[in-house]
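Engineer: FYI, in this note's numbering the residues of the sequence shown are 25 to 277.
In this text, a Cβ means the ideal position worked out from N, Cα and C, and glycines have one as well.
Take a look at the following structure, please.
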Amino acid sequence: MNLEQRYWAVVEYDGTDFYGFQLQAEARTVQGEIEKCLERITQRTIRISAAGRTDAGVHATGQVVAFEVTWKHTLADLQRAINANLPTDIVFNELQRVSTPDFHPRFSAISRTYQYHILNQPWPSAVQRRYVCHVDRPLDIDLMRQASRLLLGSHDFASFGKPPQGSNTVRQVTEAEWQLRGDGHLIFRITANAFLYRMVRKIVATLVQVGLGTIPFDSIVEILEARDLNSSSPPAPACGLYLVKVIYPENVR
25 MNLEQRYWAV
35 VEYDGTDFYG
45 FQLQAEARTV
55 QGEIEKCLER
65 ITQRTIRISA
75 AGRTDAGVHA
85 TGQVVAFEVT
95 WKHTLADLQR
105 AINANLPTDI
115 VFNELQRVST
125 PDFHPRFSAI
135 SRTYQYHILN
145 QPWPSAVQRR
155 YVCHVDRPLD
165 IDLMRQASRL
175 LLGSHDFASF
185 GKPPQGSNTV
195 RQVTEAEWQL
205 RGDGHLIFRI
215 TANAFLYRMV
225 RKIVATLVQV
235 GLGTIPFDSI
245 VEILEARDLN
255 SSSPPAPACG
265 LYLVKVIYPE
275 NVR
């Protein structure tokens, strides 16, 4: 007798042609494509859970999903079957059996890491346009780094986003840094216990204003204290954002 087993997977996807991660009627979503793939393989309706519900156009290299299926072959065979049936803009990079009964990709996570990619040069890139945000004016990365350090620690981030549920807008940020590549490519990396809706994109857009000299770097403090969404910049484009890592406690998964 084949028993149903629970699995978790690390998923990569190009978010350009999706209306976000979460299942929607009459719209192409990452969740919808994965569930259609699993149904095709197992001939059963499968529902998945995920670490985060990324918006339309947002990419991922480290999304985590979990699901239950009945599978009589090897784990490697299941991963091959899934990748063979998924569209080319989604890949299962890792697949494992769940060892902890109460594991949940979202609620068991202790932190998430996002990256935001900016191409800072006078002209855009035809090849990278789906994967970076183009800023044509020079950015002062030193000022942006100073401003980013003010985000570290526990703060009320109500000025930068709305909670996905409930009313708590306090988040603990443990990493917020800019990396500079020689080709005009800037990467903002931020890690927190959880994120508000559009929080990373609004933070990035505000830091870009710092880099352009539009606002002083220490205005981040005033924006945090305002607890007002209108005090920060409108969200940066979705195309530059990537969910890159989800961290769980040891021995949980």
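Relative to the C-alpha of Gln-233, which residue among Met-223, Ser-257, Ser-73, Asp-207 is closest?
Structural biologist: Here the question's residue 233 lines up with position 209 in the sequence shown. Comparing Cα positions, the closest option is Ser-257.
Engineer: What residue does the beta strand (DSSP E) around Val-22 start on, and which one ends it?
Structural biologist: Past the boundaries of the shown model lies residue 22; the chain is included only from 25 to 277, so the question cannot be answered.
Engineer: Roughly how many angstroms lie between the CA atoms of His-179 and Asp-164, to the nearest whole one?
Structural biologist: Along the sequence shown, one-based indexing puts residue 179 at 155. Along the sequence shown, one-based indexing puts residue 164 at 140. Distance between the alpha carbons of His-179 and Asp-164 is about 25 Å.
Engineer: With 16 other CB atoms within 10 Å as the buried threshold, where does Ile-281 fall?
Structural biologist: Nothing in the structure corresponds to residue 281, since the chain is present only between 25 and 277.
Engineer: Over the uninterrupted beta strand (DSSP E) stretch that includes Lys-269, give me the two end residues.
Structural biologist: For the purposes of this step, residue 269 is taken as residue 245 along the sequence shown, with counting starting at 1. Taken as a continuous stretch (DSSP letters only), the beta strand (DSSP E) holding Lys-269 covers 265-271.
Engineer: Among residues of its own chain, excluding the 5 on either side of Gly-264, which ones have a beta-carbon nearer than 7 Å to its beta-carbon?
Structural biologist: Residue mapping note: residue 264 aligns to position 240 of the sequence shown, counting from 1. The answer, listed in chain order, is Tyr-140, His-141, Ile-142, Val-156, Cys-157.
Engineer: For Asp-79, I'd like the list of residues in its chain whose CB is within less than 6 Å of its CB, leaving aside the five on either flank, ordered along the chain.
Structural biologist: Here residue 79 is taken as the residue at index 55 of the sequence shown, counted from 1. So the qualifying residues of the chain are Gly-44, Ala-262.
Engineer: Closest by CA to Tyr-272, which one among Ser-132, Ala-100, Tyr-31, Glu-59?
Structural biologist: Sequence index remark: in the sequence shown, residue 272 carries index 248 (1-based). Of Ser-132, Ala-100, Tyr-31, Glu-59, the residue nearest in Cα terms is Ser-132.
Engineer: Could you give the residue range of the beta strand (DSSP E) that holds Asp-180?
Structural biologist: The residue you call residue 180 lines up with position 156 of the sequence shown. Per DSSP, Asp-180 belongs to the beta strand (DSSP E) from 177-180.
Engineer: Return yes when the Cβ of Leu-267 is within less than 8 Å of the Cβ of Gln-87, no when it is not.
Structural biologist: Sequence index remark: in the sequence shown, residue 87 carries index 63 (1-based). Sequence index remark: in the sequence shown, residue 267 carries index 243 (1-based). Yes, the Cβ-Cβ distance between Gln-87 and Leu-267 is below 8 Å.
Engineer: Curious, which full-length alpha helix (DSSP H) runs of at least 4 residues does the segment 128-155 contain?
Structural biologist: Runs of the alpha helix (DSSP H) inside the segment 128-155: none found.
Engineer: If contacts are defined as beta-carbon pairs under 8 Å, then Asn-109 and Arg-161 qualify, I think. What distance do you get, rounded to the angstrom?
Structural biologist: Counting from one through the sequence shown, the residue named residue 109 turns up at place 85. Counting from one through the sequence shown, the residue named residue 161 turns up at place 137. Incorrect: roughly 45 Å between the Cβ atoms, too far for contact.
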